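Take any residue in the sequence shown, note its place counting from 1, add 76, and you have its number in our numbering. C-beta atoms are modelled at their ideal positions from N, C-alpha and C, and glycine is treated no differently. What you are looking at is a predicted structure, and each value in this text was computed from that prediction instead of being measured. Take a look at the structure set out below.
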Amino acid sequence: MQDLGIISNPRKTSRTQQKGNGLGLTIVYSIIKNHDGFVFVESEQEIGTKFFIYLHAHDGKHGFEEKRLEKSLREAEKSF
């Protein structure tokens, strides 16, 4: 089994050819975590990788939480 905890570590990759800056999954992980969600990963060599993102359902009783979004964006920026 491979340690897939690397998605929360910016700029750490297991790829041999780097095409991006290595921050995409880190940003996703940070935003989902700040919204009390979860990211699960299943990966099989030579087959592919699946990402499962779980977030709480919106109950419709509360409006858009702009402050929470701003907090998530600030936390994601800290990963840079």
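Across the structure, E118 and K143 are spaced so that their CA atoms are roughly 32 Å apart. Shown here, G100 sits in a helix according to DSSP, grouped into three states.
Boundaries of the beta strand (DSSP E) harbouring I129: G124 to Y130, taken from the DSSP string. A straight-line Cα-Cα distance of about 15 Å links A152 and G113. One thing to note: I108 has its Cβ no nearer than 8 Å to the Cβ of L145.
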